[in-house]
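Let me begin by presenting the structure, written as structure tokens, before commenting on it.
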Amino acid sequence: MPTIESMKLADVHDIPNPGSISHDAAGKFRPYNIMLVRNGLDIKAYVNSCPHTGAPLDFVDGRFLSPDKQHIQCTTHDALFDINNGRCLAGPCPGQSLKPVAIEVINGEVWLAD
Ligand code: FES
Numbered sequence: 527m528p529t530i531e532s533m534k535l536a537d538v539h540d541i542p543n544p545g546s547i548s549h550d551a552a553g554k555f556r557p558y559n560i561m562l563v564r565n566g567l568d569i570k571a572y573v574n575s576c577p578h579t580g581a582p583l584d585f586v587d588g589r590f591l592s593p594d595k596q597h598i599q600c601t602t603h604d605a606l607f608d609i610n611n612g613r614c615l616a617g618p619c620p621g622q623s624l625k626p627v628a629i630e631v632i633n634g635e636v637w638l639a640d
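Shown next, in the form of structure tokens:
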């Protein structure tokens, strides 16, 4: 597994628009999974761990959006999250948020930021 410092996560055009994918990463202490959510040129990244229980949000690998594609949705108990800031808007985790992951988009490629 590539290290954090050198990790390219995806090509922008490989992320559905609007849509999402997941990507495994090597953390400082253990591997983790990142969700990448795209809407046009805007791409957000969060750790794929629901603040309610810590479970991954996606039953189907890489599908994180609600049916109307307006929110991130956890498939376990249907919590809805704001795509722009990861804040829980509805469901069993009020006041909690997804953990953001710093990324950079460089020449059409999404990279983990330092
Ligand atoms: S595990 Fe995500 S809402 Fe319960």
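Residues in the sequence shown are numbered from 527 upward in steps of one, following my numbering.
The beta carbon of each residue, even a glycine, is placed where N, CA and C say it ideally should be.
The way I'd put it, the segment 615-625 doesn't touch the segment 585-593; fewer than three beta-carbon pairs between them come closer than 8 Å.
Under the three-state reduction of DSSP output, His549 falls in the strand class.
Collapsing the DSSP output to three states places Val631 in a strand. Assignment of beta-bridge partners to Pro626 by DSSP yields Tyr572. Looking at the backbone, the Cα of Cys600 and that of Ser575 are separated by about 9 Å.
If you draw a 10 Å sphere on the C-beta of Leu567, you find fewer than 16 other C-beta atoms in it, and that means exposed. Closest by C-alpha distance to Ser546, out of Gly553, Gly580, Pro593, Thr579, is Pro593. Put simply, of Pro577, Glu630, Ile629, Ala581 the residue whose alpha carbon is nearest the alpha carbon of Gln622 is Pro577.
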